[in-house]
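Participant: Take the sequence shown: its position 330, counted from the start at 1, is 1154 in my numbering, and no numbers get skipped. Shown below is the structure under consideration.
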Amino acid sequence: MKANPRLLYKVFRPDLRLVIPLFQRPYVWTEDDQWAPLWEDVVATYDRLDTDTPPHFLGAIVLEQRPGELGTLEVREVIDGQQRLTTLQILITALRDSYVVHDLSTRLGRTLTKKLENDVDYATTPEERYKLWPTNQDRAAFRQVLDGVYRVSEPPARAVGIVGAYRFFRMQIDLLIAPCRTPDDIATVLDRLTEVLLEHLELVVIDLGEDDNAQVIFESLNARGTPLRASDLIKNALFRTLQSRRGTDVEALYTQYWQQFETEYWREEIRVGRLHRPRLDIFVGYFLTVLLRREILAHQLFPSARTYFAGDHARATEFLMELARYGRTYEGLDTGSLASPVERASLTRLGIADTSTIRPPLLWLFANASGAERERAVVLLESFLVRRSLCRLTPKNYNRLFLELLKELASGDGPVDVIVQDLLVRQTSESGLWPTDGQVTRSLTTLPMYRLIKGPRLQQLLLALDAGLTTDRTEPGHTHTKLSVDHLMPQSWESSWPITASDDAEAEAARREEVLHTIGNLTLVTGKLNAALSNRAWHDKRADILRNSALSLNRALPEVWDCAAIEARSNALAALSNVLWPRPDDAVTGTIEHGDQVLTPDRDTARESSPRRASAVRTRELRKDGTTRYQGQRRDIAAHVRSVFRDLPVGAFLSTGQISKTPSAQYPADDPVSTGAVQYRLFPPNGSACTIPGIEGAIEQGVRGGRKVTE
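What follows is the structure in structure tokens.
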């Protein structure tokens, strides 16, 4: 390895051609991050040109010599520095075109063309005319810029990449010469700028020797400049391995197998948890999981792939071919083009479970199986995951379970649907239990699904239930992308849904709170209809829904909507769920304890309800002995305190301990409120008065508590 400082005119010397491997990533530099800082450096050097200052250092590039025939151009492959070299070529082109546009011909100006093009006597092919030859994705734009296409025709205002860089530098040069009054003044400025570029900008050129490992050096330099994606590193290592065997047509392999990944579809950033990652990197993670039969985390993508083919030409070829095959499968899955109508419906409903761990087995199934067996296998996976999701069972060991499934599928020991069913039905742990009909019914009729399930997943669940209610006599469905979840009994029900005098007000209020967010009280309507319905009385609300909604989910709403109606609808939708997502008879039956369920909300509901309503949210566990235990968020302590004092005379005093231990609908005897929480409400920490209607904080004989002051 040799490292030497080189001024720009020596980097782009007459007898040298710089080639960027076709498997390197395309040009990615941008104005804010690279073009503008580079131009500022150029202008700063321009301003101090008359002083005795050293050249401005632009960084290092790494080159590897390519073998060539006698009499041909010397060729160097760019291992690192392609973004910098491409940008400098574009800047030189912009400066050359400024001379041409102003009809100027100077010695320095004519030199610029020699730094862009090789002598025609040495060029045996059209592309050898260019001193720098970029990766294939950038070649069209690069040729347009260097051939002068944008010299007189204005580049698009929002141009990016190579054309965007050319436009930026032309504009900056135009601003620099704007004060000039005569052609001679313009020539002086352009010559001075040319001198800066060619004789006062310096790169360190690292030439690799025969024993230097280009791939290792490429990886070690990855931290410099714009970070490479894992898929970029894999591509580079993969094609360097293929290139290592003489006679391999690397460009043909690239075109046949990798070029499909060089589209906007694969570059699109996809949200994964809290992060955004390129779709190609996400797919590569799934592919490696399928290939290696083990979980591959994001930071393990490149090391795992590199270790797999590790300089082995045959393995690298196999890796590339399989990657391309699974890539076509992934895209077909994503677009639905590979799936049957039944499979497309299942893949959509799998969104209810919201787990990416199922993707590798699905990728294997659609790449290696077909027909009725595959269709049934997908339906089984859907039923298993959706049932577990409805019962709020943990997904924490899905990675282990689906890796086991991958191994069994790859063994080829039987039809794929039988393999899937046999594995799932024999699961006995809490992380693999396949819920029974009764367990699904219990969850859907008691759990506050609106609070527990994210909006998009809840919408998919309701859409699936609506589709289950649709018959062959129903009109074709419509697009549901703009539907929103609506509470049939509104969250703020007090104003338009008063409790009648004949009811036990406290018991009725508590019952309403229990059923308010269950599946039976939820439906889908358009956003405009949702806003119009608001908290209106049921008679008007029902009429408006029946008049405007085309969903089967809304056609059978009864004339009376109360807690009993909500519970009945929850039971009906639970029964429908058991039909939509059937469970094999031979699946292991286990019990679901309260601790097995994930009863923390996976959605932010703080902005979707009033503070009072949010504080009343709770979940309940029906114990085997018939008692109820309440879990979850804080309940309404004020309602509890009012309930405790309700039958006591005005002036009655109770200590905070007595208030805590007295049961109410909010806090039953087996789940009492803490004395600290009661004291907090009676004696607010900011020194203000108690805000519970009819109650004041009081101290008697040194004991803190509450006193009833009004009925």
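Think of the CB as a built atom: it goes at the ideal place given N, C-alpha and C, for glycine as much as any other residue. What you are looking at is a predicted structure, and each value in this text was computed from that prediction instead of being measured.
Determine the direct distance from the alpha carbon of Pro979 to that of Val1210, and round the result to whole angstroms.
Facilitator: 52 Å
Participant: Can you tell me whether Thr959 sits near the ligand NAP, meaning its C-beta is under 7 Å from at least one heavy atom of the ligand?
Facilitator: Judged by which ligands are present, the structure shown has none, so any question about the ligand NAP falls away.
Participant: Using three-state DSSP, classify Ala794 as helix, strand or coil.
Facilitator: Nothing about residue 794 can be read from this structure; the chain reaches only from 825 to 1535.
Participant: Assuming Thr1350 is part of the beta strand (DSSP E), what are its boundary residues?
Facilitator: Leu1346 to Thr1350
Participant: Does DSSP classify Ala1047 as helix, strand or coil?
Facilitator: In this prediction, Ala1047 has a pLDDT of 47, which is less than 50 and means its spatial position is unreliable; nothing more can be read from the coordinates.
Participant: Short check: CB of Ser1479 to CB of Arg1528, under 8 Å?
Facilitator: yes
Participant: Would you kindly work out how many angstroms separate the C-alpha atoms of Leu1000 and Asp856, rounded to a whole number?
Facilitator: 19 Å
Participant: Do three or more CB pairs link the stretch 941 to 957 to the stretch 871 to 889 at distances below 8 Å?
Facilitator: no
Participant: Give the single residue among Leu1066, Asp1158, Ile1523 and Ile1343 whose Cα lies nearest to the Cα of Phe1133.
Facilitator: Leu1066
Participant: Distance check for Ala983 and Thr1131, CA to CA, integer angstroms please.
Facilitator: 39 Å
Participant: Quick test of your reading: Leu842 and Leu1025, contact by CB under 8 Å. State the CB separation rounded to the nearest angstrom.
Facilitator: About 16 Å separates the two Cβ atoms, so there is no contact after all.
Participant: Anyone know if the C-beta pair for Ser790 and Arg1360 falls short of 8 Å?
Facilitator: One cannot answer for residue 790 here, as it falls past the ends of the chain, which runs 825 to 1535.
Participant: Name the DSSP bridge partner or partners of Tyr954?
Facilitator: Paired residue(s): Glu941.
Participant: My output table needs one value for Phe1477: the three-state DSSP class, helix, strand or coil.
Facilitator: strand
Participant: Helix, strand or coil for Leu1162? Go by DSSP, reduced to three states.
Facilitator: coil
Participant: Could you give the C-beta distance for Ile885 and Leu1027, rounded to a whole number, given that I count them as a contact under 8 Å?
Facilitator: 6 Å
Participant: How do the stretch 1083 to 1094 and the stretch 1103 to 1112 stand: do at least 3 beta-carbon pairs fall below 8 Å, yes or no?
Facilitator: yes
Participant: What's the call for Gln889, buried or exposed, on a 16-neighbour Cβ count within 10 Å?
Facilitator: exposed
Participant: Is it buried or exposed for Gly1344, if we count other Cβ within 10 angstroms and need 16 for buried?
Facilitator: buried
Participant: Just tell me which of Thr1179, Ala1201 and Lys1231 has its CA closest to the CA of Asn1221.
Facilitator: Sorting Thr1179, Ala1201 and Lys1231 by C-alpha distance to the C-alpha of Asn1221 places Thr1179 at the top.
Participant: Where does Ala1489 fall in DSSP's three states?
Facilitator: coil
Participant: So is Phe1507 in contact with chain C if we call contact Cβ pairs under 8 Å?
Facilitator: The question asks about chain C, but that chain is absent: this structure has only one protein chain.
Participant: In the DSSP assignment, what are the bridge partners of Ala884?
Facilitator: Val1028
Participant: Under 8 Å by Cβ, that's how I've got Trp1188 and Leu1230 pegged, so tell me the actual separation to the nearest angstrom.
Facilitator: 6 Å
Participant: Comparing C-alpha positions only, which one of Asp1386, Arg1281 and Pro1408 sits nearest to Ser1213?
Facilitator: Arg1281
Participant: Whole angstroms are fine: how far does the CA of Arg1470 sit from the CA of Glu1535?
Facilitator: Whole-angstrom Cα-Cα distance: 8 Å.
Participant: Taking only the alpha-carbon atoms, compute the straight-line gap between Ile1516 and Thr1424 and give it to the nearest angstrom.
Facilitator: Ile1516 and Thr1424 have their C-alpha atoms spaced approximately 28 Å apart.
Participant: Assuming Val1422 contacts Thr1218 (C-beta within less than 8 Å), just tell me the rounded distance between them.
Facilitator: 6 Å
Participant: Taking Cβ positions, are Ile1390 and Leu1285 nearer each other than 8 Å?
Facilitator: no
Participant: Determine, using beta-carbon pairs with one atom in the stretch 1384 to 1398 and one in the stretch 1331 to 1346, whether at least three such pairs fall under 8 Å.
Facilitator: yes
Participant: Under the three-state reduction of DSSP, which class applies to Ala1331: helix, strand or coil?
Facilitator: Three-state DSSP puts Ala1331 in a helix.
Participant: Cβ of Ala964 within 8 Å of Cβ of Val987?
Facilitator: No, the pair does not count as a contact, with Cβ atoms beyond the cut-off.
Participant: Confirm, please, whether the CB-CB distance from Leu1186 to Leu1157 is below 8 Å.
Facilitator: Leu1186 sits close to Leu1157, with the two beta carbons spaced by under 8 Å.
Participant: Could you tell me how far apart the beta carbons of Thr917 and Leu897 are, in whole angstroms, since I believe they sit closer than 8 Å?
Facilitator: Contact flag wrong, Cβ pair sits at about 20 Å.
Participant: I'd like the span of the beta strand (DSSP E) that includes Lys1532, first residue to last.
Facilitator: Val1527 to Lys1532
Participant: Assuming Arg1173 contacts Ala1288 under a Cβ cut-off of 8 Å, what Cβ separation, rounded to an integer in Å, is found between them?
Facilitator: 5 Å
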